[in-house]
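Step one of this worksheet: look at the structure below.
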Amino acid sequence: MKIKCLSIAIALAISVGSVAAQSMPLAVASDPAPDTVHPAAMLALAIPSHGEALNAVFYAAAGAGPHPTVLLLHGLPGNEQNLDLAQAIRRDGWNVLTLHYRGSWGTPGAYSFGHCIEDAAAAVAWLRDPAAPQAARVDPKRIVVIGHSLGGFVAAYTGGHSEGVSATGLISAANIGPTIGGLPPTMAAKRVDDNIGVSAGMHTLAGTSPKALGDEAIANAKAWDFTTYAGVLGRHPLLIVTSDDGLAGDGAALVKAVKTSGGGAPTEVHLATDHSYSDKRIALESAVLTWLESLPSGPARP
Numbered sequence: 018m019k020i021k022c023l024s025i026a027i028a029l030a031i032s033v034g035s036v037a038a039q040s041m042p043l044a045v046a047s048d049p050a051p052d053t054v055h056p057a058a059m060l061a062l063a064i065p066s067h068g069e070a071l072n073a074v075f076y077a078a079a080g081a082g083p084h085p086t087v088l089l090l091h092g093l094p095g096n097e098q099n100l101d102l103a104q105a106i107r108r109d110g111w112n113v114l115t116l117h118y119r120g121s122w123g124t125p126g127a128y129s130f131g132h133c134i135e136d137a138a139a140a141v142a143w144l145r146d147p148a149a150p151q152a153a154r155v156d157p158k159r160i161v162v163i164g165h166s167l168g169g170f171v172a173a174y175t176g177g178h179s180e181g182v183s184a185t186g187l188i189s190a191a192n193i194g195p196t197i198g199g200l201p202p203t204m205a206a207k208r209v210d211d212n213i214g215v216s217a218g219m220h221t222l223a224g225t226s227p228k229a230l231g232d233e234a235i236a237n238a239k240a241w242d243f244t245t246y247a248g249v250l251g252r253h254p255l256l257i258v259t260s261d262d263g264l265a266g267d268g269a270a271l272v273k274a275v276k277t278s279g280g281g282a283p284t285e286v287h288l289a290t291d292h293s294y295s296d297k298r299i300a301l302e303s304a305v306l307t308w309l310e311s312l313p314s315g316p317a318r319p
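Have a look at this one:
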């Protein structure tokens, strides 16, 4: 479908390896017309996952449903939730579901990488459930999973293993298998602690420790290497966004694996910024919305 755009242009690196001027999607900087019959809404929810209720927020798009929906997954531990991105995606006609994994940010249960994977799968199943409270708003055939950092790893795993995912987007995805699981135990624990800050006195995760998470990654190093299921990921649209945070190599390895497996060429975007995209938020939103709008049967902005 044709993308409605403002005249403002940004430079983004695209899959052919060159730099091209991409127009900024209208939803990045402009609110849609209000819909008094079917208004946009923000709904706090509890989503069931393996005996616990995940703290979640559902950003409902304006207009009569059903709408395509993005499951947006945060990283480790989730200091950057990318909620500005969620709002931009919602302005563009998509629902967005965000959540906190078990054991994180007040959600009951014990945190683990395996539980993050299970929780994302549970969220996809909830979005596809015709009995779920928001079922009338959700098009179960157009569910896209996007994740940042650890959430990118979880998104890749979900896209490669869960039924009902139509496209996958990775933002500075950390390939947990080799990136943490490929380290000696002491170094793996330190890599985790560098992210969650237990030694610095921070307590955002429950029922775990840097050592426990490091050991879990080591035990699952092969199974959690997302290049091993690149063939499955390459069967549907795939976005890979990287930055200057040391994880660009993980994205490049996945692109290579997808191409080697005969999958379609992923959409690649590189932004010269830090891991949180601190000074490239507008560029990040533009890249993600441009990709979403390019998907088959993308929504018409209300």
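Taking our numbering, the leading residue of the sequence shown gets 18, the next gets one more, and so forth. Even for Gly, the Cβ is constructed at its ideal location relative to N, Cα and C.
Please classify residue i as buried or exposed, where buried requires at least 16 other C-beta atoms within 10 Å of its C-beta.
i, result
"V113", "buried"
"E69", "buried"
"G224", "exposed"
"T175", "buried"
"P51", "exposed"
"P201", "exposed"
"T307", "buried"
"M41", "buried"
"A38", "Summary for A38: the model assigns pLDDT 40, below 50, so the residue's position carries little reliability; its value from the coordinates is reported in the next sentence. Under this definition A38 is an exposed residue."
"A79", "buried"
"P227", "buried"
Excluding the 5 residues preceding and the 5 following residue i in the sequence, name in chain order all residues of the same chain whose CB lies nearer than 6 Å to its CB.
i, result
"S311", "none"
"L264", "S189, A191"
"A58", "A77"
Could you name the residues that DSSP lists as bridge partners for residue i?
i, result
"G164", "L90, L187"
"L116", "A73"
"V258", "I188, V286"
"S121", "L222"
The beta strand (DSSP E) spanning residue i covers which residue range?
i, result
"P285", "The amino acid occupying residue 285 in the given sequence is Glu; Pro does not appear at that position. Its beta strand (DSSP E) spans residues 284-287."
Could you please give the first and the last residue of the uninterrupted alpha helix (DSSP H) stretch that includes residue i?
i, result
"A63", "Run containing A63: none in the alpha helix (DSSP H); it sits in the beta strand (DSSP E), 58-66."
"E135", "130-145"
"R107", "100-108"
"N395", "Within the shown structure, residues of the chain are numbered from 18 to 319, placing residue 395 beyond reach of any answer."
"I193", "193-196"
Ignore the nearest five residues each way along the sequence and tell me which others in residue i's own chain have a CB closer than 7 Å to its CB.
i, result
"I197", "A205, R208, V209, G231, A234"
"D267", "A190, A191, N192, T196"
"P147", "none"
"A127", "R119, G120, A223, G224, T225"
Cutting at 8 Å between CB atoms, please list the residues of its own chain near residue i, excluding the five before and the five after it.
i, result
"A153", "G82, P83"
Exercise for the section: Inspect the CB distances between the stretch 187-203 and the stretch 152-167 and report whether three or more fall short of 8 Å. Expected result: Three or more Cβ pairs drawn from the stretch 187-203 and the stretch 152-167 lie within less than 8 Å of each other, which places the two stretches in contact.
Exercise for the section: Count the CB pairs spanning the stretch 220-236 and the stretch 259-276 that are closer than 8 Å, and state whether there are at least three. Expected result: Between the stretch 220-236 and the stretch 259-276, the count of C-beta pairs closer than 8 Å stays below three; the two stretches do not touch.
Practice task
Specify whether the stretch 100-110 and the stretch 126-146 touch according to this definition: at least 3 beta carbon pairs, one from each stretch, less than 8 Å apart.
Solution key: Touching, no, given that fewer than three Cβ pairs across the two stretches are closer than 8 Å.
Practice task
Give a yes or no on contact between the stretch 280-294 and the stretch 250-260, applying the rule of three or more CB pairs nearer than 8 Å.
Solution key: Note that the stretch 280-294 touches the stretch 250-260; at least 3 beta-carbon pairs, one per stretch, sit closer than 8 Å.
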